[in-house]
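The opening residue of the sequence shown carries number 32 in our numbering; numbering runs sequentially from there.
Only one structure is covered here, and it is reproduced in the block below.
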Amino acid sequence: MNLKTITLEWTGDSLVLVDQRKLPHVVEYIECKTYQEVARAIKEMIVRGAPAIGAVAAFGFVLGAKQFSNLKEKSFVEHMKTVKEVLASTRPTAVNLFWALERIYNKMDQIDDVDQLVSVLEKEAIEIANEDIKVNKAIGMYGQTLLKDGDTVLTHCNAGALATVDYGTALGVIRAAVENGKKIRVYVDETRPYLQGSRLTAWELVQLGVETILITDNMAGWVMKQGKVNAVIVGADRIAANGDVANKIGTYSVAVLANKNGVPFYVAAPISTIDIKIKDGTQIPIEERSHEEVTHINGKRIAADGVKVYNPAFDVTEHELISAIITQKGVLRKPYSESIRKLFSLEDQM
Ligand code: MRU
């Protein structure tokens with residue numbers, strides 16, 4: 032069983048990832064043969080983006096199962112608990128990581144024979160990955176109805192094919208609009224400190240043939256004030272039950288500026304990004320990353336020696352600032368506590 036997309040390749044014995052730290056100028060691949068190597072790849076940002084992390088962790092779980100497949104059932108299950116914990120400890124904010132691990136771990140309840148179980152887990156990981164592509168295309172289909180021919184969109188961070196298994200969420204909406212014959216122009220925030228916008232989003236959009244204008248993050252407000260933007264579309268790392276959204280640091284500022292300037296602010300995300308157990312955004316854990324991401328650019332120090340640094344990787348945008356949440360089941364509107372509750376009760380009935 033294998034699968035190959037822009038973000039990952041599952042060969043049956045290993046997981047090959049495009050090294051996103053080196054894009055766009057160097058296209059290099061890293062092969063992970065163990066669950067520890069997959070955990071390292073997530074932690075070190077070789078792969079990033081909420082849905083991508085989830086699918087990659089599921090394949091990491093399968094590699095762990097293959098590593099321990101010679102053990103007897105009880106000891107195998109004990110080892111698999113550790114595999115799950117190690118993969119879950121890589122990054123704290125994107126809930127898709129925990130969602131995918133929970134989904135694949137629960138498959139272990141069904142079968143006693145270890146060999147049979149390994150192939151069931153492999154099938155499940157491939158299913159998670161294929162499902163992600165289908166889900167993104169459905170998000171695109173619903174989301175593109177919000178855009179008109181000739182619209183200009185602003186996006187922040189990378190919610191494209193590279194942040195998912197393929198196709199993308201926020202960029203999936205733009206892609207679907209273009210596939211439906213609409214001409215769309217995109218302003219891309221460079222997204223300091225990690226530069227996912229300039230390195231990844233701009234690269235993806237240019238390859239898709241979309242007119243792409245790169246701006247630094249502090250230009251977004253002025254661009255909107257000049258009336259140059261018809262809609263903002265971003266992805267999400269975790270959505271609380273009331274519709275509060277955690278996404279890449281800087282998303283909150285963009286949402287405030289969009290609201291101030293009367294620009295609709297849309298979030299595109301799969302239902303697996305909604306953490307129904309979390310009441311509101313204050314309960315979402317926010318990852319803090321290394322100080323070097325702020326003090327250095329491309330390995331070169333730019334900040335004064337001795338300066339203190341604060342580097343939260345995500346922020347939370349309150350639900351009041353969000354015009355709609357685009358999912359694979361349709362476009363959710365305010366009040367989100369209602370529309371999300373209804374969505375989950377429908378899911379339960381399926
Ligand atoms: O730190 P990253 O690069 O993993 O952060 C990614 C984002 O914040 C994306 O916007 C989010 O995961 C949505 S991806 C479809």
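Ideal Cβ placement from N, Cα and C applies to all residues, glycine included.
Note that this is a predicted model, so its numbers are computed, not measured.
Fill in: Contact between the region 237-254 and the region 331-351 (3+ Cβ pairs under 8 Å)
no
Worksheet item: Nearest to N127 by CA position, among D268, H350, T232, R206, is which residue?
Response: D268
Discussion item. Counting beta carbon pairs with one atom in the region 345-354 and one in the region 182-199, are three or more of them shorter than 8 Å?
Written reply: no
Discussion item. Measuring alpha carbon to alpha carbon, tell me which residue in V325, D346, S321, V298 is nearest K365.
Written reply: V298
Item to complete: Measure the beta-carbon distance from E382 to D143 and round it to whole angstroms, keeping in mind my assumption that it falls under 8 Å.
Response: Outside the displayed range of the chain (32 to 381) lies residue 382, so it cannot be described from this structure.
Discussion item. Mapping the DSSP letters down to three states, classify N290 as helix, strand or coil.
Written reply: helix
Discussion item. Just to confirm the assignment: which complete alpha helix (DSSP H) runs, minimum length 4, are found wholly within the region 55-81?
Written reply: 66-74
Discussion item. To the nearest angstrom, how far is the alpha carbon of I328 from that of R122?
Written reply: 22 Å
Discussion item. Any heavy atom of the ligand MRU inside 7 Å of the beta-carbon of Q257?
Written reply: no
Item to complete: Counting only the same chain and skipping the five closest in sequence on each side, list residues whose C-beta sits under 8 Å from that of V287.
Response: L352
Worksheet item: For S303, is the classification buried or exposed, using 16 other Cβ atoms within 10 angstroms of its Cβ as the cut-off for buried?
Response: buried
Worksheet entry | V347 (DSSP reduced to helix, strand or coil) | strand
Discussion item. I'd like to know whether the C-beta atoms of Q314 and I170 end up nearer to each other than 8 Å.
Written reply: no
Item to complete: Have a look at G240 and D146 and give me their C-alpha separation to the nearest angstrom.
Response: 46 Å
Worksheet item: By Cβ distance below 7 Å, which residues in the same chain neighbour S370 in space, the five residues on each side in sequence not counted?
Response: L363, R364
Worksheet entry | Contact under 8 Å by Cβ, L185 with V260 | yes
Worksheet item: In its own chain, which residues sit with a C-beta less than 6 Å from the C-beta of P343, not counting the 5 before and 5 after it?
Response: I280, I317, E319
Worksheet item: Going along the chain, which residues of its own chain have a beta-carbon closer than 8 Å to the beta-carbon of T326, five neighbours each way excluded?
Response: R332, I333, A334, V338, V340
Worksheet item: Looking only at C-alpha atoms, which of I73, N167, I135, K112 sits nearest to G203?
Response: N167
Fill in: Residues of its chain near V237, where Cβ-Cβ distance is below 7 Å and the 5 sequence neighbours each way are ignored
T243
Fill in: Proximity to L39 [Cα-Cα], best of G312, T124, V57, N161
N161
Worksheet item: What are the complete beta strand (DSSP E) segments, minimum 3 residues, inside the region 197-230?
Response: 216-220
Item to complete: Verify whether the separation of the beta carbon atoms of K201 and G266 is less than 8 Å.
Response: Sequence check: residue 201 is Ala here, not Lys. Cβ distance < 8 Å, so A201 and G266 count as in contact.
Worksheet item: Looking at the unbroken alpha helix (DSSP H) that takes in A160, where does it start and where does it end?
Response: 145-174
Worksheet item: Distance, Cα to Cα, A88 vs R52?
Response: 18 Å
Worksheet entry | Proximity of E221 and T247 at Cβ, strictly below 8 Å | yes
Worksheet item: Which class does L185 belong to by DSSP, given the choice of helix, strand or coil?
Response: strand
Worksheet entry | Contact set for A156: own chain, Cβ-Cβ below 8 Å, skip 5 residues either direction | W41, A86, A89, F90, F92, V93, I135
Practice prompt. Return the residue from the list V294, R230, E153 that minimises the CA-CA distance to Q257.
Written response: V294
Item to complete: Could you tell me whether the Cβ of S45 comes closer than 8 Å to any Cβ of chain D?
Response: The structure shown contains no chain D; it holds only a single protein chain.
Worksheet item: Between F107, A190, N273, E378, which lies nearest to P226 when the distance is taken from Cα to Cα?
Response: As written in the sequence, residue 226 is Leu, which differs from the Pro given in the question. Ranking F107, A190, N273, E378 by Cα distance to L226 puts A190 first.
Worksheet item: How many Å lie between R216 and A83 at the Cα?
Response: 25 Å
Discussion item. The ligand MRU and R364: does any heavy atom of the ligand fall closer than 7 Å to the residue's C-beta?
Written reply: no
Item to complete: Go through its chain and collect everything with a Cβ distance to Y66's Cβ below 8 Å, but skip five positions before and after it.
Response: G91, F92, L94, G95, Q98, V114, V117, L118
Worksheet item: Using the C-alpha atoms, what's the distance from S106 back to R206?
Response: 47 Å
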